[in-house]
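Chains as they are written, first to last, in UniProt numbering: chain A, 1 to 522; chain B, 1 to 522.
Every residue, glycine too, gets a C-beta built ideally from N, C-alpha and C.
Since the model is a prediction, treat every value here as computed from it, not as a measurement.
One structure below.
2 protein chains.
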Amino acid sequence: MGRVKLYDTTLRDGTQAEDISLLLEDKIRIAHKLDELGIQYIEGGWPGSNPKDVAFFKEISREKLRQAKVAAFGSTRRARVAVEKDNNIKTLLAAEPDVITIFGKTWDFHVREALRISLEENLELIFDSLDFLKRHSGEVFYDAEHFFDGYKANPEYAVKTLQAAQQAGVDCIILCDTNGGTLPFEVARIIGDVQTRISTPLGIHSHNDSECAVANALQAVEMGVVQVQGTINGFGERCGNANLCSIIPSLQLKMKRECVSDDQLRNLQDVSRYVYELANIPPDKRQAFVGSSAFAHKGGVHVSAIERNPETYEHMRPELVGNRTRVLISDLSGRSNVMAKAKEFNLDLDSRDPVTLEILDNIKEMENRGYQFEGADASFELLMKKALGSHRKFFQIIGFRVLDEKRGEDQRPTSEATIKVKVGGKVEHTAAEGSGPVNALDNAIRKALEKFYPKLKEVKLLDYKVRVLPAGQGTASSTRVLIESGDRHNRWGTVGVSDNIIDASYIALIDSLDYKLHKLEE
Amino acid sequence: MGRVKLYDTTLRDGTQAEDISLLLEDKIRIAHKLDELGIQYIEGGWPGSNPKDVAFFKEISREKLRQAKVAAFGSTRRARVAVEKDNNIKTLLAAEPDVITIFGKTWDFHVREALRISLEENLELIFDSLDFLKRHSGEVFYDAEHFFDGYKANPEYAVKTLQAAQQAGVDCIILCDTNGGTLPFEVARIIGDVQTRISTPLGIHSHNDSECAVANALQAVEMGVVQVQGTINGFGERCGNANLCSIIPSLQLKMKRECVSDDQLRNLQDVSRYVYELANIPPDKRQAFVGSSAFAHKGGVHVSAIERNPETYEHMRPELVGNRTRVLISDLSGRSNVMAKAKEFNLDLDSRDPVTLEILDNIKEMENRGYQFEGADASFELLMKKALGSHRKFFQIIGFRVLDEKRGEDQRPTSEATIKVKVGGKVEHTAAEGSGPVNALDNAIRKALEKFYPKLKEVKLLDYKVRVLPAGQGTASSTRVLIESGDRHNRWGTVGVSDNIIDASYIALIDSLDYKLHKLEE
């Protein structure tokens, strides 16, 4: 079996996604990350379509990549224009990439509807463009746009377009499922037929519109395809492209087709997070292999089994892609979840210790009131510390007041909070404003406590979630507040539940600061 | 080809997902939605594992579902316990569901590691449990846990466990890829072999740990499997279960295997959104078929092509699943939505009327600030009335104050609101308490307005939802409040957005009462 090569198009197809727009500097930084991950080909952009992409190729030629080749993307020549005079083709050559990839039309419907030329002319466009590029540059790939739809509509013509590319001596022909509507068994059937008629090495470019992009890519490799195109995190137009973060580990670990080194594979989660960060998109927790929930266990049956042997409920070792096993606490969890958590927090707990049962009872009782500790590890750790008697009381809140006032029909309300805290015998009484009552209270609590514990300044509120619990009682119903806080090194979650949203927020805010103080002491 | 039946486990496996926890009321509401969508089997929970699930079966038996059958989930009997004395089996029968589904072990490794019994004993567990259930209840399904991993490890034994189930006369044997590590071509090969040895109808239950859950399910149906298990939006443990929102349209539209009606299929996006909303999880834009980006076009080439013919870059018509085409640069598609709404509200609106454009601009500006009118028809109708000049001002809020006070460390905070309103020249200044600031404000507003409009007493707050909008700014970020109100005859939704939760709640509360007053007048 030939080695499968990875072709990343995060920087081109990936930026077609809604909400994703990368700066030139971002693109350069991502290119380096992809190079380190061991990606063989990095498609940097379409220099014929916008100036940012022209600048990218200028810039990247000055950077030293370890091993990756940089590819420029473009289209076949225009109709009725000689190939050597075609602007798009000239711009591609001028960008001086290591590889040139151009796309052409496979689907007769598109030749008529979009290009508005004869089927014969389209074959000439493909042959001319590739033949010219092959004679004036190095490696050249051909993206057969809409290949699968084209094949389904007119298999003879679709294969003819591939034959035109093959005749031009192209290095790889990539079968594209541009609209993403093809299913894996169709991919198998169609590639099987193509292989009897085309000898040029084949590649696959799939989209996720049927949630089958990864499966289609893997199916194609199983059939003998040697190049896989995709993007990090599956970013791309509409539902996205084939997700390389899922394809790489399956190729490497399940199909035994090595494409990167084991060390590079261990960076997969890191690369995924890095690209999310630069694209300013929150990571998808549930993402296969690299998501934070990918190896998170909640059901008691599963937890007790993975404690004995992780293979029981994990399809692979998470460490291989830089991820880790997590145990979640919920009303579905049993004693083994509590034990696993205690271990994670370095707390000394015996499964027959009455404290374990007390904690479990406590959790169940709190969850009945609406608590949920899945996103609130810090509150859970404090709870365990309290049960074990190892919780230290750093401060005492004597009382607070929050006042929201609206002074006229067109005036927005203002919020002000006053607070009284006691630390080591000293009382601090202070006040602060905020946008809304919770923000005002948060500002006042911090202002008072930072006087005694200046390190609390490091704590930032990263996320604040509110869930109103049993529907049907309107505003009198119970409220759960989940807060995520962080400092330079860590992130932690806390939770509060009350029929009063101010009270619920207060409980979660206090836990967050209390947790930070405990960590500072450790 | 036999009709494929859909088996939804959102209410059981779906709740194993991190961050997802459904209240009993939510589960009942979702069951109705699934029933309306045409799902044939709804797995409601595991009555043997927690009291919430026992309550679900009690509750659902009193509700009238149109066509769906309700299934209860459980495990085979314990080792060394007679089946008729096994608590889990007894609880299943006591729940009196339409269908009972139990899981058993297929993988020899699990039999030894998790059950710690002999391979022979495990076969007895499976046979006994299913045989007993078949004799004491109606339809019985068998989930062969870890079937694919078990088959890969020991194909002979794995098939023996299925034969034990078949011998007990079970109605369907579901092959489970519990750890989600199996790839589509493995599914094809393994099911092909099973079909030569098992004649009982087969089903598929797949997980998304390799991002192949949907592909695996479709591959299995292609092989002849007649039951597909999955969840709405793919919710489920770790990376989730097979996503029914992707499976249903592919089965129906691509594979021509009808499983719901065309009308039901058009509700798919609505059902997806509904489940996200109740689970309090933001919808995934990029989700295949139902995501808001699924038919969104950004690239210039694509946009001009789809303007001529959508088939060029769309694998199917979005309307078939209740979605729509969006053009990201020039979103002109909104006008028809406004027209449709105006018609719904019996408002006289011309598409060339400048008011239509004004409403459209207004909506766009408000949506930019975080408004969302999907669950807030009443706010939308008031907005249109204001633009048309047919809105009547029933009252004026001059101002309000809300005070939350906590008087000691162990004291719960109290909330009090004062309000001043003006109706027809008369001013009313009053005060009320409540559990939390929003409830206190709501009580005060009603108390003041009911003096002038006693019919407002009929209005009940049915639901109150809070969503904090762009994460990352903590408690200072923007807040959206959705309120559902009702009287004896109707229900209506209103919305408010502000960086201050009190203000956002106030806006939605006022709209709700204003709407009622307009309806009383009509």
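So, helix, strand or coil for residue i, using DSSP?
| i | result |
| --- | --- |
| residue 567(B) | Because residue 567(B) is not part of the residues shown, which for chain B are 1 to 522, the question remains open. |
| G180(A) | coil |
| D377(B) | helix |
| G472(A) | Bear in mind that a pLDDT of 40 at G472(A), under 50, signals an unreliable position, so the number given afterwards is only what the model happens to contain. Coil. |
| L347(A) | coil |
| K105(B) | strand |
| R80(A) | coil |
| T91(A) | helix |
| Y313(A) | coil |
| E428(B) | strand |
| A387(A) | helix |
| N243(B) | strand |
| A417(B) | strand |
| G74(A) | strand |
| A144(B) | strand |
| K422(A) | strand |
| N489(A) | Residue 489(A) is actually His in this sequence, not Asn. Of the three classes helix, strand and coil, the one that applies to H489(A) here is coil, per DSSP. |
| S21(A) | coil |
| L11(B) | coil |
| D514(B) | helix |
| F400(B) | strand |
To the nearest angstrom, how far is the alpha carbon of residue i from that of residue j?
| i | j | result |
| --- | --- | --- |
| E156(B) | A164(B) | 13 Å |
| E344(A) | I483(B) | 41 Å |
| L183(A) | G389(A) | 58 Å |
| G291(A) | D410(A) | 46 Å |
| E458(B) | G240(A) | 49 Å |
| R326(A) | I198(B) | 38 Å |
| L513(A) | K451(A) | 13 Å |
| F147(A) | N50(A) | 26 Å |
| A72(A) | E18(B) | 41 Å |
| F127(B) | V481(A) | 47 Å |
| A242(A) | A220(A) | 12 Å |
| L130(B) | R116(B) | 21 Å |
| A279(A) | G408(B) | 46 Å |
| Q287(A) | K90(A) | 40 Å |
| K447(B) | T430(B) | 7 Å |
| S75(A) | H207(A) | 19 Å |
| A158(A) | D149(A) | 9 Å |
| G472(A) | N490(A) | For G472(A), the pLDDT reaches just 40, beneath the cut-off of 50, and the residue's location in the model is therefore unreliable, although a value from the coordinates is still provided. C-alpha separation (whole angstroms): 38 Å. |
| I397(A) | A215(A) | 56 Å |
| I30(B) | Y274(B) | 8 Å |
Which chain C residues are close to residue i, counting only those with a beta carbon under 9 Å from its beta carbon?
| i | result |
| --- | --- |
| N243(A) | Checking the listed chains, one finds no chain C in this structure; the protein chains it contains are A and B. |
Do residue j and residue i come within 7 Å of each other at the CB atom, strictly closer than that value?
| i | j | result |
| --- | --- | --- |
| Q264(B) | T9(B) | no |
| A440(B) | A417(B) | yes |
| F289(B) | V260(B) | no |
| V99(B) | E139(B) | yes |
| D209(B) | H315(A) | yes |
| G104(B) | K134(B) | no |
| N323(A) | A296(A) | no |
Return the Cβ separation of residue i and residue j in integer angstroms, given the expectation that the two are a contact with Cβ distance under 8 Å.
| i | j | result |
| --- | --- | --- |
| S485(A) | G496(A) | With 8 Å as the limit, S485(A) and G496(A) do not qualify as a contact, their Cβ atoms being about 13 Å apart. |
| F395(A) | L449(A) | 6 Å |
| E36(B) | N346(B) | Wrong, their Cβ atoms sit about 26 Å apart, outside the cutoff. |
| I502(A) | P437(B) | 6 Å |
| I191(B) | V225(B) | 7 Å |
Inset, instruction - Would you list, in chain order, the members of the stretch 264-297 of chain A that have their beta-carbon closer than 9 Å to a beta-carbon of chain B? - result: P282, D284, K285, R286, Q287, A288, F289, G291, S292, S293, A294, F295, A296 and H297
Inset, instruction - For the stretch 228-261 of chain B, enumerate the residues whose C-beta is nearer than 7 Å to any C-beta of chain A, in chain order. - result: E237, R238, C239, G240, N243, S246, S250 and K254
Inset, instruction - With 8 Å as the limit, tell me which residues of the stretch 426-453 of chain B have their beta carbon closer than that to any beta carbon of chain A; keep them in chain order. - result: G434, S435, G436, P437, V438, N439 and D442
Inset, instruction - Could you please tell me which residues of the stretch 11-26 of chain A, in chain order, have their CB closer than 8 Å to any CB of chain B? - result: Q16, A17, E18 and D19
Inset, instruction - With 7 Å as the limit, tell me which residues of the stretch 146-160 of chain B have their beta carbon closer than that to any beta carbon of chain A; keep them in chain order. - result: none
Legend entry - Proximal residues, the stretch 397-409 of chain B versus chain A, C-beta separation under 9 Å: I397, I398, G399, F400, R401, V402, L403, D404, E405, K406, R407, G408 and E409
Legend entry - Under 7 Å (Cβ pairs) to chain A, residues found in the stretch 185-218 of chain B: F185, N208, D209, S210, E211, C212, V214, A215 and L218
Legend entry - Residues of the stretch 502-520 of chain A with Cβ closer than 8 Å to any Cβ of chain B, in chain order: I502, D503, S505 and Y506
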